[in-house]
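Participant: Pasting a structure below so you can have a look.
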Amino acid sequence: MNLLLTPFFWFKREFIPFRTLDRYLFLDFFKTFIGTLIMLTSMIVIYKFTDVMKYLVSSKVNQVHVYLHVLYSLPSMVDQVVAPALMFSVCFVIGQFSVNKELVAMMVAGVSFIRIITPILFFGISMWLIMTLFGQTVVIPANKRAQIEYSIMAKGSNRLIDFVYQLHIKGKKGFYYVYWIDEKDNTVKGGFNYIEITPDGHPTYTVSSQKAKFIPSPHSWVLYDAEEVRFNENLELVSRTKYAEKTYDFPEDLAYFSKPIRNPEEMNFFELADEIESRITKGIPFRNVIIQQHMAFAMPLMSFVVVTLGALAGAITKRSAGVASLGLTIAVVLLYYILNSTAKTLAENGALPIWIGMWMTPVIFTSAAYYLYRKMNI
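Residue numbers (the working numbering): 5 to 382.
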């Protein structure tokens, strides 16, 4: 029992109350982090405004939707720049301490390098957990709202968006082939085709029509100019009948066709699990949804990885801390995203198992940080 409580006793002994050294270093780091975060976020907001500026003049809808789109995109922007801001801040502050010989003075006084940066490492771990929760509870809902606002202003500019045309999809009892969806009229136009399949894989009947209207209450489909063909157990033709109008009780509703594939980046962890089941039912590939499940935890881990590497990089800085920190931040973050994107692509295409593809980059960078620490012997 005492062995399990040892880390807690050590933490209480070392950090409660917060020592002068810890306050001095951590507060300097935290102020730099907040300033960098605000600056990088502001740059992305400006870029976002310039990107959607065309909708302010071309969209026929209320211009408030443009501003709402940018507002709802803000949490995603913050999520994108947290890791670079952490990397730059820790590298800059530790680098300053190294250039000014303050780091050497602390270590000569008997404080190890790991003990010096421990508060920052704890902050990096905390940011991993915070950004994971932030992504699931704030970023994803905001992304959904941002996409809704984008759809409104894009449609106001006479652009086709959320447009379904010639869709072949699996339902609960059979397969559909539909042409295009008129959501305002709850109607499939240009063609609606359905084949019902028995549990053992045999077709029972097919129906095709020029137009199909969905009635929400009671749940039903009205098919116009329909032709119904029925088969027996031996797949022999039983009947072929034409109807000017006929009602069917297909289990699927119009939304099943209008949005057959949801964006995994706009779903939280629990919605991703439901989406996998939905795609299995529809016969749609779902490997990218499983990958997004891993990303929900793997990507925020970058916060801890860059803090660890930034601290080590700052410790060996000999010249201008600002220039060195900026260069190292760009190099590390860019390399991280390149490797992670490559591994993700390989996982999506089946060249790598999903768990290897999504956790390979964090493991490589964490291992590199540990190796550098051991090699530097600080």
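For glycine and all other residues, C-beta sits at the position ideal for the given N, C-alpha and C.
So, is Asp83 buried or exposed, given that buried needs 16 or more other C-beta atoms within 10 angstroms?
Facilitator: The sequence position of residue 83 within the sequence shown is 79, counting from 1. Buried is the call here.
Participant: Helix, strand or coil, according to DSSP, for Pro207 in the structure here?
Facilitator: The residue given as residue 207 occupies position 203 in the sequence shown. Strand at Pro207.
Participant: Taking Leu276 as the reference, which of Tyr198, Pro289, Ile294 has the closest Cα?
Facilitator: As a position in the sequence shown, residue 276 is number 272, starting the count at 1. Of Tyr198, Pro289, Ile294, the residue nearest in Cα terms is Ile294.
Participant: Do you know offhand how far Gln67's Cα is from Ile156's?
Facilitator: Taking the sequence shown and counting its residues from 1, the one referred to as residue 67 is at position 63. Taking the sequence shown and counting its residues from 1, the one referred to as residue 156 is at position 152. Spanning the two alpha carbons is a distance of roughly 10 Å.
Participant: Measure the C-alpha to C-alpha separation of Ile358 and Ala351 and round it to an integer number of angstroms.
Facilitator: Stepping through the sequence shown from its first residue, residue 358 is reached at position 354. Stepping through the sequence shown from its first residue, residue 351 is reached at position 347. Distance between the alpha carbons of Ile358 and Ala351: 5 Å.
Participant: Helix, strand or coil for Gly195? Go by DSSP, reduced to three states.
Facilitator: By 1-based counting over the sequence shown, the position of residue 195 is 191. Looking at Gly195 - three-state DSSP - the assignment turns out to be strand.
Participant: Are the beta-carbon atoms of Tyr154 and His73 separated by less than 8 Å?
Facilitator: To locate residue 154, count along the sequence shown from 1; it is residue 150. To locate residue 73, count along the sequence shown from 1; it is residue 69. Yes, they are a contact pair.
Participant: What does DSSP give as the partner residues of Ala180 in its beta bridges?
Facilitator: Your numbering for residue 180 matches position 176 in the sequence shown. For clarity, residue 180 is Tyr in the given sequence; the question names Ala instead. Answer is Ile173, Tyr198, bridged to Tyr180.
Participant: With respect to the beta strand (DSSP E) encompassing Arg234, which residues constitute its N-terminal and C-terminal limits?
Facilitator: Residue mapping note: residue 234 aligns to position 230 of the sequence shown, counting from 1. Element bounds for Arg234: 224–235.
Participant: With a threshold of 16 other CB atoms inside 10 Å of the CB of Leu239, please say whether the residue is buried or exposed.
Facilitator: Mapped onto the sequence shown, residue 239 falls at position 235. Label assigned to Leu239: exposed.
Participant: Expressed to the nearest angstrom, what Euclidean distance is found between the alpha-carbon atoms of Ser93 and Phe37?
Facilitator: For this step, residue 93 is matched to residue 89 along the sequence shown. For this step, residue 37 is matched to residue 33 along the sequence shown. About 5 Å.
Participant: Please list, in chain order, all residues of the same chain as Thr45 whose beta carbon is under 8 Å from its beta carbon, the five residues on each side excluded.
Facilitator: Along the sequence shown, read from residue 1 onward, the residue named residue 45 stands at position 41. Taken in chain order, the residues that qualify are Leu78, Met81, Val82, Val85.
Participant: Going by CA-CA distance only, name the one from Ala347, Ala87, Tyr183, His223 that's closest to Gly128.
Facilitator: As a working mapping, residue 128 is identified with position 124 in the sequence shown. Among Ala347, Ala87, Tyr183, His223, the Cα nearest to that of Gly128 is on Ala87.
Participant: In whole angstroms, give me the CA-to-CA distance for Gly314 and Lys217.
Facilitator: Here residue 314 refers to the residue found at position 310 when the sequence shown is read from its first residue. Here residue 217 refers to the residue found at position 213 when the sequence shown is read from its first residue. One C-alpha to the other measures close to 60 Å.
Participant: Mind checking Lys334: buried by the 16 CB within 10 Å criterion, or exposed?
Facilitator: Walking along the sequence shown from the start, residue 334 turns up at place 330. Looking at the sequence itself, residue 334 is Ile, so the reference to Lys does not match. Exposed.
Participant: When we look at the beta-carbon of Ser307 and count the other beta-carbons within 10 Å, is it buried (16 or more) or exposed?
Facilitator: Translated into positions along the sequence shown, residue 307 becomes position 303. Flag for Ser307 reads buried.
Participant: What does DSSP give as the partner residues of Phe218 in its beta bridges?
Facilitator: On the sequence shown, position 214 is the one that residue 218 refers to. DSSP output for Phe218 lists Trp225 as bridge partner(s).
Participant: For Leu239, which three-state DSSP category applies?
Facilitator: Here the question's residue 239 lines up with position 235 in the sequence shown. Three-state DSSP puts Leu239 in coil, outside helix and strand.
Participant: Going by DSSP, which residues form a beta bridge with Thr251?
Facilitator: Indexing the sequence shown from 1 puts residue 251 at position 247. Its beta-bridge partners are Val226.
Participant: Kindly indicate which residue of Gly178, Ile185, Lys177 has the alpha-carbon position closest to the one of Gln170.
Facilitator: Sequence index remark: in the sequence shown, residue 170 carries index 166 (1-based). Residue Ile185 is the option with its Cα nearest to Gln170.
Participant: Measure the C-alpha to C-alpha separation of Thr202 and Ala146 and round it to an integer number of angstroms.
Facilitator: For the purposes of this step, residue 202 is taken as residue 198 along the sequence shown, with counting starting at 1. For the purposes of this step, residue 146 is taken as residue 142 along the sequence shown, with counting starting at 1. Thr202 and Ala146: Cα-Cα distance of roughly 42 Å.
Participant: Apart from the five residues just before and just after Met364, which ones in its own chain have a Cβ nearer than 6 Å to its Cβ?
Facilitator: Indexing the sequence shown from 1 puts residue 364 at position 360. For Met364, where only same-chain residues beyond five positions count, the Cβ hits under 6 Å are Ala347.
Participant: Can you tell me whether Asp186 is helix, strand or coil according to DSSP?
Facilitator: Mapped onto the sequence shown, residue 186 falls at position 182. In this structure, Asp186 counts as strand in the three-state DSSP scheme.
Participant: Flag this pair as yes or no: are the beta carbons of Val226 and Thr251 separated by less than 8 Å?
Facilitator: Mapped onto the sequence shown, residue 226 falls at position 222. Mapped onto the sequence shown, residue 251 falls at position 247. Yes, the Cβ-Cβ distance between Val226 and Thr251 is below 8 Å.
Participant: Quick test of your reading: Lys188 and Lys215, contact by CB under 8 Å. State the CB separation rounded to the nearest angstrom.
Facilitator: The residue labelled residue 188 in the question sits at position 184 within the sequence shown. The residue labelled residue 215 in the question sits at position 211 within the sequence shown. With a Cβ gap of about 14 Å, Lys188 and Lys215 do not count as contacting.
Participant: Tell me, to the nearest whole angstrom, how far the beta carbon of Ser102 is from that of Ala319; I am working on the premise that it is less than 8 Å.
Facilitator: Indexing the sequence shown from 1 puts residue 102 at position 98. Indexing the sequence shown from 1 puts residue 319 at position 315. The Cβ separation is near 6 Å, so the contact holds.
Participant: Could you check whether Ile173 and Met271 sit closer than 8 Å to each other, using their CB atoms as the reference points?
Facilitator: To locate residue 271, count along the sequence shown from 1; it is residue 267. To locate residue 173, count along the sequence shown from 1; it is residue 169. Not in contact: Met271 and Ile173 (Cβ atoms no closer than 8 Å).
Participant: Just checking my contact of Pro366 with Leu305 at CB under 8 Å: how many whole Å lie between their CB atoms?
Facilitator: Here residue 366 refers to the residue found at position 362 when the sequence shown is read from its first residue. Here residue 305 refers to the residue found at position 301 when the sequence shown is read from its first residue. At roughly 5 Å, the Cβ-Cβ gap stays under 8 Å, so Pro366 and Leu305 are in contact.
Participant: Please report the Cβ distance between Phe369 and Tyr340, rounded to the nearest whole angstrom; I am assuming they are in contact, meaning their Cβ atoms lie under 8 Å.
Facilitator: Taking the first residue of the sequence shown as position 1, residue 369 is located at position 365. Taking the first residue of the sequence shown as position 1, residue 340 is located at position 336. About 6 Å separates the two Cβ atoms, so the contact holds.
Participant: Ignoring anything shorter than 4 residues or poking outside the segment 269–345, list the alpha helix (DSSP H) runs there in chain order.
Facilitator: Within the segment 269–345, the complete alpha helix (DSSP H) runs of at least 4 residues are 273–286, 291–302, 306–319.
Participant: So Val70 packs on Tyr59, CB below 8 Å; how close in whole Å?
Facilitator: Counted from its first residue, the sequence shown places residue 70 at position 66. Counted from its first residue, the sequence shown places residue 59 at position 55. Correct: roughly 5 Å between the Cβ atoms.
Participant: Report buried or exposed for Arg378, applying the criterion of at least 16 other Cβ atoms within 10 angstroms of its Cβ.
Facilitator: Within the sequence shown, numbered from 1, the residue matching residue 378 stands at position 374. Burial call: exposed.
Participant: Quick check: what's the CA-CA separation for Lys176 versus Ile284?
Facilitator: What you label residue 176 is simply residue 172 of the sequence shown in a count that begins at 1. What you label residue 284 is simply residue 280 of the sequence shown in a count that begins at 1. When rounded, the distance between both Cα atoms is 10 Å.
Participant: What are the boundary residues of the alpha helix (DSSP H) that includes Ser77?
Facilitator: Within the sequence shown, numbered from 1, the residue matching residue 77 stands at position 73. It spans 68–103 - the alpha helix (DSSP H) in which Ser77 sits, taken as one unbroken run.
Participant: Between Ala89 and Thr136, is the Cβ-Cβ spacing less than 8 Å?
Facilitator: Residue numbering aside, residue 89 sits at position 85 when the sequence shown is read from its first letter. Residue numbering aside, residue 136 sits at position 132 when the sequence shown is read from its first letter. No, the pair does not count as a contact, with Cβ atoms beyond the cut-off.
Participant: Pick helix, strand or coil for Arg149, following the three-state DSSP scheme.
Facilitator: Position 145 of the sequence shown, counted from the first residue, corresponds to residue 149. Correct three-state label for Arg149: helix.
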